[in-house]
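Peer 1: Quick one: this structure, given as C-alpha cells, is what I'll be asking you about.
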Amino acid sequence: MKTILRGVILKEYLTFRTLVSKMIGLTLSLGSGLPIGKEGPFVHVASVVANLLSSLVHNAHGVYSNESRSTEMLAAGCAVGVACTFSAPVGGVLFSIEVTSVYFAVRNYWRGFFAAACSATLFRLLKVWLNETEVCGLAGAVFVLLHRSMVTFLRRNGCAKRIFQKYWIIYPVLVSFLVATLTYPQGFGKFLAGDRKFSQTLKDFFSNCTWLTAGKNGTNACPEEFVETWQGYLEFDNSIFIVLACFQVTFFFLAALSSTLPIPAGIFMPVFVIGAAFGRMIGELMVLWFPEGIRGPEDLQIFPGVYAVVGAAAFCGAVTHTVSVAVIVFELTGQLLYILPVMIAVLIANAICSYLQPSIYDSIIKIKHLPFLPHIPHTSSIFHGICVRQIMVSKVKYLSRQSTYAEVKELITTMPRVKAFPVVEDTQSMILLGSVSRTSLADANR
Numbered sequence: 001m002k003t004i005l006r007g008v009i010l011k012e013y014l015t016f017r018t019l020v021s022k023m024i025g026l027t028l029s030l031g032s033g034l035p036i037g038k039e040g041p042f043v044h045v046a047s048v049v050a051n052l053l054s055s056l057v058h059n060a061h062g063v064y065s066n067e068s069r070s071t072e073m074l075a076a077g078c079a080v081g082v083a084c085t086f087s088a089p090v091g092g093v094l095f096s097i098e099v100t101s102v103y104f105a106v107r108n109y110w111r112g113f114f115a116a117a118c119s120a121t122l123f124r125l126l127k128v129w130l131n132e133t134e135v136c137g138l139a140g141a142v143f144v145l146l147h148r149s150m151v152t153f154l155r156r157n158g159c160a161k162r163i164f165q166k167y168w169i170i171y172p173v174l175v176s177f178l179v180a181t182l183t184y185p186q187g188f189g190k191f192l193a194g195d196r197k198f199s200q201t202l203k204d205f206f207s208n209c210t211w212l213t214a215g216k217n218g219t220n221a222c223p224e225e226f227v228e229t230w231q232g233y234l235e236f237d238n239s240i241f242i243v244l245a246c247f248q249v250t251f252f253f254l255a256a257l258s259s260t261l262p263i264p265a266g267i268f269m270p271v272f273v274i275g276a277a278f279g280r281m282i283g284e285l286m287v288l289w290f291p292e293g294i295r296g297p298e299d300l301q302i303f304p305g306v307y308a309v310v311g312a313a314a315f316c317g318a319v320t321h322t323v324s325v326a327v328i329v330f331e332l333t334g335q336l337l338y339i340l341p342v343m344i345a346v347l348i349a350n351a352i353c354s355y356l357q358p359s360i361y362d363s364i365i366k367i368k369h370l371p372f373l374p375h376i377p378h379t380s381s382i383f384h385g386i387c388v389r390q391i392m393v394s395k396v397k398y399l400s401r402q403s404t405y406a407e408v409k410e411l412i413t414t415m416p417r418v419k420a421f422p423v424v425e426d427t428q429s430m431i432l433l434g435s436v437s438r439t440s441l442a443d444a445n446r
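Below you can see the structure in the form of C-alpha cells.
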C-alpha cells in the first residue's frame with residue numbers, strides 16, 4: 001500500500017479475487033497457530049474494499065474516477081484496517097499516515113477518522129455479538145535485519161531456490177512443523193506458555209498483579225493458578241524469568257521466520273507481544289530487586305504490567321518506525337497516566353532503530369524490489385542538491401503516432417528489458433501523449 005499511495009500501479013493487487021484469497025488465507029493462517037498477526041492483511045483487505053466500493057459508485061458519481069480521490073479512499077481504507085485490528089480509531093489514522101504516506105492532505109483526516117471510528121465500533125460490537133473470549137530499539141533493528149536475512153537467504157541460496165521454488169508447499173509445511181514442535185505444550189512449549197494464544201498471553205503480560213508473589217499474601221499478588229503456565233512447571237523460585245526469556249528468544253526467531261511464508265500475515269501483533277514479554281520481565285525484576293518500592297515502604301508499589309505496556313510500545317515502535325504506536329497503546333489500554341514513560345520509550349527506541357535499520361515495511365519493499373522513493377534525511381544535504389537531469393536517461397527510445405509495424409517490432413526486439421515505451425505526438429513537436437507497455441505491443445503484433 002505504501003507504493004500504491006505513491007502512484008505505483010500493482011496489477012491484481014486490489015481486485016475482488018485478491019480480496020477473497022486474502023480473507024481465506026488469513027483465516028487459515030491465523031488458525032494454524034503461527035506467531036503472526038493480522039494488521040497487514042486487515043489493511044490490505046480494507047484497502048481492497050475501499051477500492052471496490054469506489055469502483056461501484058463510479059458510474060453514479062464520476063468524481064470517484066479521479067485518481068486523487070481514489071488515493072484518498074485507499075488512505076481511509078488503511079486507517080480502517082488498523083482500527084479494526086486494535087479497535088483504536090485515532091491511533092489507526094495516525095499509524096496509517098505514518099506508515100503509508102509522505103504527504104497527507106488535511107481534508108483526508110475526517111474521512112480517515114470517520115471510517116476508522118465506524119469500523120472500530122462495528123468490530124467491538126461483533127466481538128460482543130459473537131461472544132469471543134479471547135532493549136527495544138536495538139532489538140527492533142535486529143528483528144528487521146533477521147527478517148531480511150532470512151528472505152535474502154531463501155532467494156539467493158541455490159539449494160533453497162531449487163527445492164522451494166519447485167515444491168513451494170514444502171517451506172510452509174517445514175515452518176509450520178517447526179512452530180508446532182517448539183510450541184507443543186507437553187514438550188518445549190511448557191517453557192513458552194504453548195497452551196495459550198497470543199491474545200491470552202498479552203492479557204497476562206498486562207496484568208497489574210505480580211507473578212513473583214503468586215499465591216502468597218500481599219495486596220499485589222496474582223492468584224497461584226494464574227501463573228502456573230508461566231512457571232514452566234518448574235519447582236524452584238523465580239522460574240518465571242526462564243520462561244519469559246525462552247518466550248522472547250523463541251518467538252523473536254519464529255515471528256521473523258513465519259513472516260517469510262507466502263501467506264497473509266501481519267507483523268505488528270507478534271512484535272507487540274514480544275515487547276510486552278520483555279517489559280514484563282523487566283517489571284518482575286524490579287519487583288524482585290525492590291519489593292517495597294524503589295524508595296521504600298512509603299513509595300508506590302511497582303506494577304509489572306506498566307513495564308509490559310512500555311516494552312510493547314517501544315519494541316513495536318522500533319520495528320515499524322512509528323510514534324503513533326503510543327496512541328494505539330493508550331486507546332488499547334485506556335490508561336493515559338503513563339503517557340510520559342511510553343512516549344519516551346517509543347521515541348528512544350524509534351531513534352535507535354532508525355539509525356541502524358529501515359522499518360520492517362521499507363525493508364519488505366526493498367526485498368520485493370518495488371518502485372519506491374525513500375525518504376532523504378535532512379542531514380544528507382548532498383542529495384537534496386541533485387537534479388533530475390543529472391540522473392535521467394536522455395536518449396530514450398520512443399514511439400509516435402506515425403510509427404509503423406516494422407518500427408514497433410524492431411523496438412521490441414532490440415530492447416528486450418524495457419517494460420514500457422513513451423508515445424509522442426510526432427518527431428518534431430515531441431509532445432508526450434502517454435506510454436504503452438511492452439506486453440500490449442507484443443499482443444498487438446501477434
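Under full-length UniProt numbering, think of the first position of the sequence shown as 1, with each following residue one higher. Positions of the beta carbon are idealized from the N, C-alpha and C atoms, including for glycine. The structure presented is a predicted model; accordingly, all values stated were derived computationally and were not measured.
Enumerate in chain order the residues of its own chain whose CB-to-CB distance from Lys38 is below 7 Å, with the five nearest sequence positions on each side excluded.
Peer 2: Numbered from 1 along the sequence shown, position 38 holds the residue referred to as residue 38. Only Leu26, Leu30, Thr85, Gly266 and Met269 meet the Cβ criterion.
Peer 1: According to DSSP, is Ser279 helix, strand or coil?
Peer 2: Here the question's residue 279 lines up with position 279 in the sequence shown. Here the sequence assigns Gly to residue 279, which means Ser is not the residue at that position. Reduced to three states, the DSSP call for Gly279 is helix.
Peer 1: Is Trp129 helix, strand or coil when you go by DSSP?
Peer 2: One-based indexing of the sequence shown puts residue 129 at position 129. Its pLDDT being 45, under 50, Trp129 is placed unreliably by the model, and nothing is read from it.
Peer 1: Could you give the DSSP three-state label for Pro262: helix, strand or coil?
Peer 2: Position 262 of the sequence shown, counting from 1, holds the residue named residue 262. Coil at Pro262, not helix or strand.
Peer 1: Spell out the partners DSSP gives Phe421 in its beta bridges.
Peer 2: Taking the sequence shown and counting its residues from 1, the one referred to as residue 421 is at position 421. Per DSSP, Val436.
Peer 1: Look up Thr320 in the DSSP assignment and give the residues it is bridged to.
Peer 2: Residue 320 sits at position 320 when you count from the first residue of the sequence shown. For Thr320, no pairing in a beta bridge is given by DSSP.
Peer 1: Less than 8 Å between the C-beta atoms of Ala277 and Phe253, yes or no?
Peer 2: As a first step, residue 277 must be located in the sequence shown, where it is residue number 277. As a first step, residue 253 must be located in the sequence shown, where it is residue number 253. No, the pair does not count as a contact, with Cβ atoms beyond the cut-off.
Peer 1: Using three-state DSSP, classify Leu182 as helix, strand or coil.
Peer 2: By 1-based counting over the sequence shown, the position of residue 182 is 182. Of the three classes helix, strand and coil, the one that applies to Leu182 here is helix, per DSSP.
Peer 1: Suppose you measure from the CA of Thr260 to the CA of Ala406; what does that come to, to the nearest Å?
Peer 2: Position 260 of the sequence shown, counted from the first residue, corresponds to residue 260. Position 406 of the sequence shown, counted from the first residue, corresponds to residue 406. C-alpha separation (whole angstroms): 46 Å.
Peer 1: Determine the direct distance from the alpha carbon of Val43 to that of Ala50, and round the result to whole angstroms.
Peer 2: Along the sequence shown, one-based indexing puts residue 50 at 50. Along the sequence shown, one-based indexing puts residue 43 at 43. So the alpha carbons of these two residues sit roughly 10 Å apart.
Peer 1: For Trp289, collect the residues of the same chain with a Cβ closer than 7 Å to its Cβ; drop the 5 residues on either side in sequence, then sort them by chain order.
Peer 2: The count along the sequence shown starts at 1 and reaches residue 289 at position 289. The beta carbon of Trp289 sits closer than 7 Å to none of the beta carbons in its chain outside the five residues before and after it.
Peer 1: Would you identify the three-state DSSP class for Thr152, choosing helix, strand or coil?
Peer 2: For this step, residue 152 is matched to residue 152 along the sequence shown. Helix, per DSSP.
Peer 1: Here's a check: name, in chain order, each residue in its chain whose Cβ is nearer than 8 Å to the Cβ of Val423, leaving out the five neighbours to either side.
Peer 2: Within the sequence shown, the letter at position 423 stands for residue 423. Only Tyr398, Leu399, Ser400, Arg401, Leu432, Leu433, Gly434, Ser435 and Val436 meet the Cβ criterion.
Peer 1: Which word fits Asp443, buried or exposed, when buried means at least 16 other C-beta atoms lie within 10 angstroms of its C-beta?
Peer 2: Taking the first residue of the sequence shown as position 1, residue 443 is located at position 443. Classification for Asp443: exposed.
Peer 1: With a threshold of 7 Å on Cβ separation, who are the neighbours of Pro264 within its own chain once the five nearest residues in sequence on each side are excluded?
Peer 2: Indexing the sequence shown from 1 puts residue 264 at position 264. Around Pro264: Lys22, Gly25, Leu26, Ser29 and Pro41.
Peer 1: Let me check understanding here. Comparing Cα to Cα, which of Val310, Ala139 and Ala180 lies closest to Gln357?
Peer 2: What you label residue 357 is simply residue 357 of the sequence shown in a count that begins at 1. Ranking the options by Cα distance to Gln357, first place goes to Ala139.
Peer 1: Identify, in the order they occur along the chain, each residue of the same chain with its Cβ nearer than 6 Å to the Cβ of Ala141, setting aside the five sequence neighbours on each side.
Peer 2: As a working note, residue 141 is residue 141 in the sequence shown. For Ala141, where only same-chain residues beyond five positions count, the Cβ hits under 6 Å are Cys353, Leu356 and Gln357.
Peer 1: Secondary structure at Ser199, three-state DSSP: helix, strand or coil?
Peer 2: Translated into the one-based positions of the sequence shown, residue 199 becomes position 199. Helix at Ser199.
Peer 1: Please list the terminal residues of the continuous alpha helix (DSSP H) segment that includes residue 447.
Peer 2: Residue 447 lies beyond the residue range present for the chain, which begins at 1 and ends at 446; the question has no answer from this structure.
Peer 1: Taking 6 Å as the limit between beta carbons, can you name the residues of its chain near Tyr307, skipping five residues before and five after?
Peer 2: Indexing the sequence shown from 1 puts residue 307 at position 307. Contacts found: Gly279, Ile282 and Gly283.
Peer 1: Flag this pair as yes or no: are the beta carbons of Val90 and Glu331 separated by less than 8 Å?
Peer 2: As a working note, residue 90 is residue 90 in the sequence shown. As a working note, residue 331 is residue 331 in the sequence shown. Here Val90 is near Glu331, since their CB atoms are less than 8 Å apart.
Peer 1: Buried or exposed for Gly187, going by 16 or more other Cβ atoms inside 10 Å?
Peer 2: Counting from one through the sequence shown, the residue named residue 187 turns up at place 187. Exposed.
Peer 1: In the structure shown, what three-state DSSP assignment does Leu336 receive?
Peer 2: Taking the first residue of the sequence shown as 1, we reach residue 336 at position 336. Coil.
Peer 1: According to DSSP, is Ser403 part of a helix, a strand, or is it coil?
Peer 2: Position 403 of the sequence shown holds residue 403. Three-state DSSP puts Ser403 in coil, outside helix and strand.
Peer 1: Would the C-beta of Leu52 count as close to the ligand GDP, meaning under 7 Å from any of its heavy atoms?
Peer 2: Absence of the ligand GDP from the depicted structure is noted, as is the absence of any ligand whatsoever, leaving it without description.
Peer 1: Under 6 Å Cβ to Cβ from Phe372, same chain only, skipping five residues before and after it: list those, please.
Peer 2: The residue given as residue 372 occupies position 372 in the sequence shown. The residues are Thr3 and Ile365.
Peer 1: Under 8 Å by Cβ, that's how I've got Ile386 and His147 pegged, so tell me the actual separation to the nearest angstrom.
Peer 2: Mapped onto the sequence shown, residue 386 falls at position 386. Mapped onto the sequence shown, residue 147 falls at position 147. The pair is not a contact, with the Cβ atoms about 31 Å apart (cut-off 8 Å).
Peer 1: Could you compute how far the alpha carbon of Met150 sits from the alpha carbon of Leu257?
Peer 2: As a first step, residue 150 must be located in the sequence shown, where it is residue number 150. As a first step, residue 257 must be located in the sequence shown, where it is residue number 257. If you take the alpha carbons of Met150 and Leu257, they lie about 7 Å apart.
Peer 1: Could you spell out where the alpha helix (DSSP H) holding Ala50 opens and where it closes?
Peer 2: The residue given as residue 50 occupies position 50 in the sequence shown. Its alpha helix (DSSP H) spans residues Glu39 to Leu56.
Peer 1: Rounded to the nearest angstrom, what separates Val173 and Lys197 at their Cα positions?
Peer 2: For the purposes of this step, residue 173 is identified with residue 173 of the sequence shown, where counting begins at 1. For the purposes of this step, residue 197 is identified with residue 197 of the sequence shown, where counting begins at 1. Rounded to whole angstroms, Val173 to Lys197 spans 21 Å at the Cα level.
Peer 1: Cβ of Met1 within 8 Å of Cβ of Leu53?
Peer 2: Indexing the sequence shown from 1 puts residue 1 at position 1. Indexing the sequence shown from 1 puts residue 53 at position 53. No, these two residues do not count as a Cβ contact at 8 Å.
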